[in-house]
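Student:
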Amino acid sequence: MARNRIKYVCSSCGYESLKWIGRCPSCESWNTFTEELIEEKKTGKKSHAGDEQISKLSDHVVETEERVKTNIAEFDRVLGGGLMPGSVVLIGGDPGIGKSTLVMQAASKVDGDVLYVTGEESANQISLRAKRLKVTGDKISIMTETDLDVILGGIKKLEPKVVIVDSIQTTYKPDFDNAPGTVTQIRECTVELMQLAKKTHCAIMIVGHVTKEGMIAGPKILEHVVDTVLQFEGERSYSYRVLRAQKNRFGSTNEIGIFEMHDDGLHEVLNPSEIFLSERDKQTTGSVVTASIEGTRPILLEVQALVTPSSYGNPQRVATGFDYRRLSILLAVLEKRANLRLSIQNVFLNIAGGIRIDEPAVDLAICCAIASNFSDKFARNDTVVIGEVGLGGEVRSVNHIEKRIQEAAKLGFKRVILPTNNIKAIKSKADIEIVGVDNLGNALNKIF
Ligand SMILES: Nc1ncnc2c1ncn2[C@@H]1O[C@H](COP(=O)(O)OP(=O)(O)OP(=O)(O)O)[C@@H](O)[C@H]1O
Ligand SMILES: [Mg+2]
374 MARNRIKYVC SSCGYESLKW IGRCPSCESW NTFTEELIEE KKTGKKSHAG DEQISKLSDH
434 VVETEERVKT NIAEFDRVLG GGLMPGSVVL IGGDPGIGKS TLVMQAASKV DGDVLYVTGE
494 ESANQISLRA KRLKVTGDKI SIMTETDLDV ILGGIKKLEP KVVIVDSIQT TYKPDFDNAP
554 GTVTQIRECT VELMQLAKKT HCAIMIVGHV TKEGMIAGPK ILEHVVDTVL QFEGERSYSY
614 RVLRAQKNRF GSTNEIGIFE MHDDGLHEVL NPSEIFLSER DKQTTGSVVT ASIEGTRPIL
674 LEVQALVTPS SYGNPQRVAT GFDYRRLSIL LAVLEKRANL RLSIQNVFLN IAGGIRIDEP
734 AVDLAICCAI ASNFSDKFAR NDTVVIGEVG LGGEVRSVNH IEKRIQEAAK LGFKRVILPT
794 NNIKAIKSKA DIEIVGVDNL GNALNKIF
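Residue numbers (this note's numbering): 374 to 821.
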């Protein structure tokens, strides 16, 4: 009998080694190596040399492919207009964030048959959830199975329009001796599901867990294999959930979908600005409203800053919902260009509502919020602040300025502070006062 040999595989990038290593030489993450069996090469396989099929691109005239709509507007937008037939979508997220809830709700609204394969819960548990989510109908077939061969058989037999596999970590291929959830199993199962999706033209949604580092468990290679990678995220203490595309072969990766978790499942948030500003305390220092663009949609958000003297040598800087390094840069700019002595202050920054923003157009609002709290002066609460801040303290123009202004006007704001360079691009008249600024000092004078 062949002797089983052991290899060690990095669960984050798939790097293989014959020895256990503490830190992966490829992706540099720590403690990610797990033990796996080396699969023996199958011999006696028929060679396919000579079967080559080559065709001209012009031979393939395809009408635009009809998307399979999930009929959840927020979900469809993130997907780029619905599920593409024959594609595989990977949905990742922290434990308990609501992945199964999301796919179950999508399953109930899809036009066509859905096969829901679960390796995590029993049929009774699924049915209890369906009852809680008020999901009814005969369109959804349930399969409690973890063996990939049986799952593939089920898909071929039922020929559904959409297949849901919850989760890829529990699915395994019996040909391999490795346990479910190992890198080899996850990779092989995904590749086979992908091949079947392409062949049968069904759309497959795969649920994947997230490791403590925030990556979809399983190798990075998995993200290359599938067509779309969606991340379902949210702060545990908030009921808001954000669906974000990390990769999409059939749509933009800028779009986000916002949901709110209730007892009866996820509700779409169609007016995010109103909700994110609903709990704003207008009489507090360090609070400034900004307009951010998420995908194609403007969202008004409250930036909160708290600046306190540091009693130790090393002041703390904490950013929630914003890039920590970007905050450090903005603090340095405030210190140097606006003469605010922040180097001995603790600075805490929060984007209210548990949402995360990455775009530089919120820089100026962050600077204004910090300056407001530091100097104990109220920032005008009828004003929205927009603009990118450069290292020289200059305020740089931002994109989609009209959309941002319109959203501010729609929500009843009276003034908007924005980069002077953006003013000439404004064509439509909104019922709001426009204040152009070209540097940080200028903006700090106008905000109080
Ligand atoms: N009455 C309820 N019963 C159970 N869960 C509820 C209820 N109301 C709201 N929830 C929410 O549903 C979440 C569980 O959702 P779901 O099972 O879809 O998450 P998941 O991401 O699939 O989790 P897992 O990683 O365990 O598979 C809970 O964390 C909770 O926030
Ligand atoms: Mg689940």
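Yeah, the Cβ is synthetic: ideal placement off N, Cα and C, and Gly gets one too.
#1: Name, in chain order, the residues that DSSP records as bridge partners for residue 509.
#2: Within the structure, which residues are defined as neighbours of ligand 2 by a Cβ-heavy atom distance below 6 Å, reported in chain order?
#3: Where do the N-terminal and C-terminal ends of the alpha helix (DSSP H) with residue 446 fall, by residue?
#4: Return the CA-CA distance between residue 784 and residue 655, expressed in angstroms with no decimal places.
#5: What residue range is occupied by the uninterrupted alpha helix (DSSP H) comprising residue 738?
#6: Using C-beta distances below 6 Å, list every residue in its chain close to residue 767, excluding the 5 sequence neighbours before and after it, in chain order.
#7: If you drop the 5 nearest sequence neighbours on each side, which residues of the same chain put their C-beta closer than 8 Å to that of residue 574?
#8: Could you say if the stretch 696-715 and the stretch 774-793 meet the contact criterion of at least three C-beta pairs nearer than 8 Å?
#9: DSSP three-state label for residue 481, please.
#10: Is it true that the CB of residue 692 sits closer than 8 Å to the CB of residue 700?
#11: How do the stretch 460-479 and the stretch 516-527 stand: do at least 3 beta-carbon pairs fall below 8 Å, yes or no?
#12: What are the complete beta strand (DSSP E) segments, minimum 3 residues, inside the stretch 383-423?
#13: Can the beta-carbon of residue 506 be found closer than 8 Å to that of residue 637?
#14: Report the three-state DSSP secondary structure of residue 611 (helix, strand or coil).
#15: I believe residue 564 touches residue 488 by the beta-carbon criterion, under 8 Å. Please report the beta-carbon distance rounded to the nearest angstrom.
#16: In whole angstroms, what separates the C-alpha of residue 426 from that of residue 725?
#17: Tell me the rounded alpha-carbon separation between residue 374 and residue 381.
#18: DSSP state of residue 502, grouped into three classes?
#19: Going by CA-CA distance only, name the one from 608, 398 and 617 that's closest to residue 601.
#20: Below 7 Å, is the gap between the Cβ of residue 578 and the nearest heavy atom of ligand 1?
#21: For residue 582, verify whether its CB is less than 7 Å away from any heavy atom of ligand 1.
#22: When you measure from the CB of residue 617 to every non-hydrogen atom of ligand 1, does any distance come out below 7 Å?
#23: Is residue 468 near ligand 4, going by C-beta to nearest heavy atom under 7 Å?
#24: Using 7 Å as the cut-off, classify the Cβ of residue 457 as near or not near the heavy atoms of ligand 1, replying yes or no.
#25: Apply the 10 Å Cβ neighbour rule to residue 624 and answer buried if 16 or more other Cβ atoms are within range, or exposed otherwise.
#26: Starting from residue 646 and walking both ways along the alpha helix (DSSP H), at which residues does that stretch end?
#27: Starting from the C-beta of residue 409, find all residues in its chain whose C-beta is less than 8 Å away, skip the five residues before and the five after it, and write them out in chain order.
#28: For residue 695, count the other beta carbons within 10 Å of its own beta carbon; 16 or more makes it buried, fewer makes it exposed. Which is it?
#29: Could you say which of 659, 723 and 422 lies nearest to residue 754 if we only look at CA atoms?
#30: Taking three-plus beta-carbon pairs below 8 Å as touching, is the stretch 434-454 in contact with the stretch 635-653?
#31: Residue 634 lies in the beta strand (DSSP E); which residues open and close that run?
#32: Using DSSP bridges, identify the partner residues of residue 620.
#33: Exposed or buried, residue 544, counting other C-beta atoms within 10 Å across all chains shown (16 or more means buried)?
#34: Select from 737, 674 and 764 the residue whose C-alpha is nearest the C-alpha of residue 723.
Tutor: A quick look at the data gives this:
#1: Answer by DSSP bridge pairing: none, since residue 509 is not bridged.
#2: Residues flagged by the Cβ proximity filter: 472, 473, 493 and 539.
#3: Following the DSSP letters along the chain, one finds residue 446 inside the alpha helix (DSSP H) bounded by residues 446-452.
#4: One alpha carbon belongs to residue 784, the other to residue 655, and they sit about 14 Å apart.
#5: First-last of the alpha helix (DSSP H) with residue 738: 736-747.
#6: Correct list, in chain order: 812.
#7: The residues are 458 and 459.
#8: With the rule of 3 Cβ pairs closer than 8 Å, the stretch 696-715 does not count as touching the stretch 774-793.
#9: Helix.
#10: Yes, the Cβ-Cβ distance between residue 700 and residue 692 is below 8 Å.
#11: No: the two stretches stay apart, fewer than three of their Cβ pairs being nearer than 8 Å.
#12: Here the runs fully enclosed are 406-410.
#13: For the pair residue 506 and residue 637, the CB atoms are nearer than the 8 Å cut-off.
#14: Here residue 611 sits in coil by DSSP.
#15: About 19 Å separates the beta carbons of residue 564 and residue 488, which is beyond the 8 Å limit, so they are not a contact pair.
#16: Distance between the alpha carbons of residue 426 and residue 725: 56 Å.
#17: Confidence in residue 374 is poor, its pLDDT being 47 and thus under 50, which makes the residue's placement unreliable; the coordinate value appears in the next sentence. Between residue 374 and residue 381, the C-alpha separation is close to 22 Å.
#18: Of the three classes helix, strand and coil, the one that applies to residue 502 here is helix, per DSSP.
#19: When each option's Cα is compared against that of residue 601, the closest is 617.
#20: At a threshold of 7 Å, residue 578 does not count as near ligand 1, since its beta carbon sits no closer than that to any of the ligand's heavy atoms.
#21: At least one heavy atom of ligand 1 is nearer than 7 Å to the Cβ of residue 582, so yes.
#22: Checking every heavy atom of ligand 1 against the Cβ of residue 617, none is found closer than 7 Å.
#23: Absent from the structure shown: ligand 4. Ligands present: ligand 1 and ligand 2.
#24: False, no ligand heavy atom lies under 7 Å from that Cβ.
#25: Flag for residue 624 reads buried.
#26: Per DSSP, residue 646 belongs to the alpha helix (DSSP H) from 645-650.
#27: Scanning its chain for C-beta atoms nearer than 8 Å, with the 5 sequence neighbours on each side dropped, one finds around residue 409 the residues 379, 380, 381, 382, 551, 555, 556 and 557, in chain order.
#28: The residue is buried, with at least 16 neighbouring Cβ atoms inside 10 Å.
#29: Checked all of 659, 723 and 422; the closest Cα to residue 754 is 659.
#30: Touching, per the Cβ criterion.
#31: Unbroken beta strand (DSSP E) run through residue 634: 629-635.
#32: In the DSSP output, where bridge partners are listed per residue, residue 620 has 602.
#33: Buried, because 16 or more other Cβ atoms sit within 10 Å of the Cβ of residue 544.
#34: Selection 737, 674 and 764 evaluated against residue 723 yields 674 as nearest (Cα-Cα).
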